[in-house]
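Comments concern the structure below.
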Amino acid sequence: MLLPVIMAGGTGSRLWPLSRELMPKQFLKLCGDTTMLQATVQRLQGLEFETPLVICNEEHRFIAAEQLRQIDRLNHNIILEPVGRNTAPAIALAALTAIRQGQDPLLLVLAADHVIQDSETFHQAIAKATTLAQADQLVTFGIVPTAAETGYGYIRRGVATSPTDQAFSVAEFVEKPGLTTAQQYLESGEYYWNSGMFMFKASVYLAELKQFRPEILAACEAAISNVEPDLDFIRVDKEAFSACVADSIDYAVMEKTTKAVVVPMAAGWSDVGSWSSLWEISSKDQAHNVHLGQVFQHNSQHNYVYAETGIVATVGLQNTVVIQTKDAVLVAAKDKVQDVKNIVQQLKAAGRSEHYIHREVYRPWGKYDSIDNGSRYQVKHISVKPGEKLSIQMHHHRAEHWIVVHGTARVTINEHEQLLTENQSVYIPIGAVHSLENPGKIPLELIEVQSGAYLGEDDIVRFSDRYGRS
């Protein structure tokens with residue numbers, strides 16, 4: 002049995018301003034009509050596999066659940082990490098979850114934010130790895146390098162495991178090299194990019210982890226022994242998991258085990274680690290531009306331009322990245338985009354929120370867009386999905402006005418219930434216990450005007466919530 006384990010943590014700061022802490026790149030549509038998480042699952046079509054286990058951060062749980070629901074892959078299969086502890090503990094949680102269910106599957110560990118353009122070659126590599134993993138080997142997938150890349154770690158291959166040279170023992174893992182060393186790796190033909198994808202039996206991985214990092218295994222066993230049922234989520238014990246040391250699977254197991262083998266793969270892989278790498282794998286026009294949204298250009302070449310709202314125009318621009326969102330614009334030289342993370346650090350240091358959250362924010366019941374704000378007011382466009390309901394709540398510092406512009410709203414204020422339709426409005430005083438629900442079959446759209454001395458999102462007292470947030 003093949004059980005995909007999809008790692009969906011991380012913040013993707015190098016793809017700011019599109020990727021942010023509350024909406025990182027794995028949940029974005031960067032390459033096509035599906036998000037990167039959805040594409041990772043759909044890439045497995047044609048293989049026999051169990052419903053994937055997805056591991057993500059606590060704060061991303063509803064985004065992950067909604068995206069899995071959209072592709073019919075949501076089935077109590079999201080493991081929530083209360084804190085980040087790197088890949089070795091995360092994979093241990095997945096392996097222990099499978100063992101607790103009376104299974105010992107082959108775990109196919111994948112990252113949710115990678116692009117693989119050639120699914121057929123990817124499937125062939127999985128078939129090769131399956132034979133090795135069934136023989137108790139720990140398989141890593143090595144990407145056949147196409148350039149002297151300094152942004153990836155490398156794997157040096159050892160002896161072939163078969164006469165056909167379809168797999169090799171792992172001689173060593175190598176950290177990200179300098180350009181001269183990377184060129185030597187490329188010319189030797191003995192090195193592969195470290196993809197961060199693996200396959201092994203759950204029991205074999207746990208046995209190797211016990212041998213080399215028993216404290217990690219013990220912490221994960223304690224965390225998984227007290228699982229709380231919560232909608233579609235597997236919620237582990239926070240205190241026990243927080244006590245676990247952070248370590249990658251490379252350092253904890255793969256660099257120490259004698260069972261590591263590498264399967265080479267040339268399937269159009271990219272970790273989409275920067276705007277320039279996204280430009281490289283995207284379809285381009287005759288001037289080698291990638292344009293998304295309402296983009297107009299004159300005498301411009303080799304650019305990546307993304308317009309989320311409105312029009313972006315370029316004149317005489319070359320080798321540049323321009324990213325326009327509702328609340329931020331990035332303009333960067335294409336060969337300097339690795340430094341975008343420095344801008345993110347500056348935003349954090351300045352106490353800004355644009356590194357953390359978009360103007361448009363997704364919630365389990367729908368989403369809201371902060372249209373305008375001032376010192377004592379804020380205006381939001383709120384969308385509520387059919388049949389969904391916001392928590393029963395109260396605010397200490399703000400009053401709210403709701404104006405329905407589409408659909409029907411069921412509004413309860415201090416136990417008084419009423420239905421509002423298009424062009425009707427209601428006032429919620431400070432301190433009033435209230436709730437909002439969409440009882441209809443179409444989306445509910447309304448404008449919310451907040452006014453008061455403090456308008457922060459933390460001014461919410463939740464009395465009841467169907468999503469477990471009260």
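Going by this note's numbering, the final residue of the sequence shown carries number 471, and the count climbs one at a time with no gaps. Ideal placement from N, C-alpha and C gives every residue a C-beta, glycine not left out.
I'd like to check one pair, proline 83 with serine 243: are the Cβ atoms closer than 8 Å?
yes
Measure the alpha-carbon distance for leucine 23 versus histidine 61 and round it to whole angstroms.
7 Å
So does the region 435-447 actually touch the region 372-392, counting three or more Cβ pairs closer than 8 Å?
yes
Please classify asparagine 143 as buried or exposed, where buried requires at least 16 neighbouring CB atoms within 10 angstroms.
The question names asparagine, but residue 143 in the sequence shown is glycine. So glycine 143 ends up on the buried side.
I need the DSSP call for aspartate 231, collapsed to helix, strand or coil.
strand
Start-end ranges of the alpha helix (DSSP H) lying completely within the region 275-355, minimum 4 residues
276-282, 341-350
Say whether the region 185-203 touches the region 132-148, bearing in mind that this needs 3 or more beta-carbon pairs closer than 8 Å, one atom from each stretch.
yes
Isoleucine 1 versus Gln43, Pro178, Gln135, Gln138, residue with shortest Cα-Cα distance:
One cannot answer for residue 1 here, as it falls past the ends of the chain, which runs 2 to 471.
Note down the Cα distance separating glutamine 451 from leucine 232, rounded to an integer number of angstroms.
31 Å
Ordered along the chain, which non-local residues of its own chain (more than five positions away) have a Cβ less than 6 Å from that of histidine 299?
Val316
State the start and end residues of the unbroken alpha helix (DSSP H) segment that holds proline 215.
215-225
Nearest residue (CA-CA) to glycine 469, options Glu418, Arg236, Asn304
Arg236
Less than 8 Å between the C-beta atoms of arginine 15 and glycine 352, yes or no?
no
Look at the alpha carbon of asparagine 343 and the alpha carbon of glutamate 355, and state the distance between them as a whole number of angstroms.
14 Å
Of all the options Glu401, Ala224, His417, which has the alpha carbon lying nearest to the alpha carbon of aspartate 460?
Glu401
Stretch-stretch touch, CB-based, cutoff 8 Å, three pairs: the region 311-325 with the region 279-299:
yes
Nearest by alpha-carbon distance to phenylalanine 169: which of Ile79, Ile404, Trp403, Leu133 is it?
Leu133
Where does the unbroken beta strand (DSSP E) through glutamine 425 begin, and where does it stop?
Careful: glutamine 425 lies outside any beta strand (DSSP E) and carries neither H nor E.
Give the DSSP bridge partners of tryptophan 270, in chain order.
Ile117
With a Cβ-Cβ cutoff of 8 Å, do alanine 91 and isoleucine 56 count as a contact?
yes
Under 8 Å between C-beta atoms of lysine 52 and arginine 74:
Rather than lysine, the amino acid found at residue 52 in this sequence is threonine. Result yes, Cβ atoms of threonine 52 and arginine 74 sit closer than 8 Å.
Can you pull the DSSP bridge partners for asparagine 58?
Glu82
Where do the ends of the alpha helix (DSSP H) carrying serine 189 lie?
180-189
Using beta-carbon positions only, say whether phenylalanine 28 and arginine 364 come within less than 8 Å of one another.
no
Evaluate glutamine 325 with the Cβ neighbour count: other Cβ atoms within 10 Å of its Cβ, from every protein chain shown; 16 or more gives buried, anything less gives exposed.
buried
Once the 5 residues before and after alanine 350 are set aside, which same chain residues still bring their CB inside 6 Å of it?
none
Does alanine 10 pass the burial test, meaning 16 or more other C-beta atoms within 10 Å, or should it be called exposed?
Just to set this straight, residue 10 is glycine in the shown sequence, not alanine. Under this definition glycine 10 is a buried residue.
Given a cut-off of 8 Å on the beta-carbon distance, is the pair alanine 113 and isoleucine 7 in contact?
yes
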